[in-house]
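In the working numbering, the protein residues as written are 9 to 161.
C-beta: ideal position from N, C-alpha, C; glycine also.
Worksheet for the structure shown next.
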Amino acid sequence: MISEVTGIRRIRMLYLQLLYRCNFECLHCFHGKRLQHADAFTTDEAVNLLTLMRDEYGTEAVTLLGGEPFVYRDLAQVVRYAKRDLGMRVEICTNGYRIERRLTEIAPDLDLLRVSLEGIGTTNDKIRKFGSYRSALRASKSPSNSASGPARP
Numbered sequence: 009m010i011s012e013v014t015g016i017r018r019i020r021m022l023y024l025q026l027l028y029r030c031n032f033e034c035l036h037c038f039h040g041k042r043l044q045h046a047d048a049f050t051t052d053e054a055v056n057l058l059t060l061m062r063d064e065y066g067t068e069a070v071t072l073l074g075g076e077p078f079v080y081r082d083l084a085q086v087v088r089y090a091k092r093d094l095g096m097r098v099e100i101c102t103n104g105y106r107i108e109r110r111l112t113e114i115a116p117d118l119d120l121l122r123v124s125l126e127g128i129g130t131t132n133d134k135i136r137k138f139g140s141y142r143s144a145l146r147a148s149k150s151p152s153n154s155a156s157g158p159a160r161p
């Protein structure tokens, strides 16, 4: 295991890239052609990894990344498992594009939603996708997002 090689016995925070797929094709994206590939983890693999990290390394928090996490089919299941079954702090980093319906579904188990932008208004839209700036602002103002309380370090 990791501790045998590095001496590290505890990993408090896990950044888990669930998938490469995304609903954007940003100019600067390092995923390139992988954007259309299958998910990096099946739901079972993600759940098993979260369990391993909590049990073996005392992991307390997970940030779910992509691609775009909100296009991951079983996002709600993974979020719910991490929060309810493992007691982890759960964060998602998203582009915020058209996520309101799914955000409402996972909000009770989400501690923090990170919405990324590349600039203001048309600057963001040119780099990402037309309409993405307004969509990201709507997501960040969503009652589902504000219910999670203040950010913690």
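* For alanine 90, which of helix, strand or coil comes out of DSSP? -> The residue labelled residue 90 in the question sits at position 82 within the sequence shown. Note: alanine 90 maps to helix in three-state DSSP.
* State buried or exposed for isoleucine 16, treating a residue as buried only when at least 16 other CB atoms are found within 10 Å of its CB. => Walking along the sequence shown from the start, residue 16 turns up at place 8. The residue in question, isoleucine 16, is exposed, as its Cβ has fewer than 16 Cβ neighbours within 10 Å.
* Let me know the secondary structure DSSP gives methionine 21 once reduced to three states. => Taking the sequence shown and counting its residues from 1, the one referred to as residue 21 is at position 13. Looking at methionine 21 - three-state DSSP - the assignment turns out to be strand.
* Count the CB pairs spanning the region 101 to 118 and the region 52 to 68 that are closer than 8 angstroms, and state whether there are at least three. => The answer is no - the region 52 to 68 does not touch the region 101 to 118, with fewer than three Cβ pairs under 8 angstroms.
* Since valine 98 sits in a beta bridge, which residues does DSSP pair it with? -> Your numbering for residue 98 matches position 90 in the sequence shown. Bridge partners of valine 98: Val70.
* To do: Could you check the C-alpha separation between alanine 159 and threonine 112 for me, to the nearest Å?
  => Locating residue 159 in the sequence shown gives position 151, where the first residue counts as 1. Locating residue 112 in the sequence shown gives position 104, where the first residue counts as 1. Its pLDDT being 42, under 50, alanine 159 is placed unreliably by the model, and the measurement read from it follows with that caveat. Roughly 19 angstroms between the two C-alpha positions.
* **Paired residues, beta bridge with serine 123 - DSSP** => Within the sequence shown, residue 123 is the residue found at index 115, counting from 1. This sequence places valine at residue 123; serine is not what is there. Note: valine 123 sits in a beta bridge opposite Thr102.
* Asked: In whole angstroms, what is the alpha-carbon distance linking arginine 122 and glutamate 108?
  -> Counted from its first residue, the sequence shown places residue 122 at position 114. Counted from its first residue, the sequence shown places residue 108 at position 100. Computed Cα separation, rounded: 14 angstroms.
* If we count the other Cβ atoms within 10 Å of its Cβ and call it buried at 16 or more, is methionine 176 buried or exposed? -> This structure does not reach residue 176, given that the chain is present from 9 up to 161, and the question cannot be answered.
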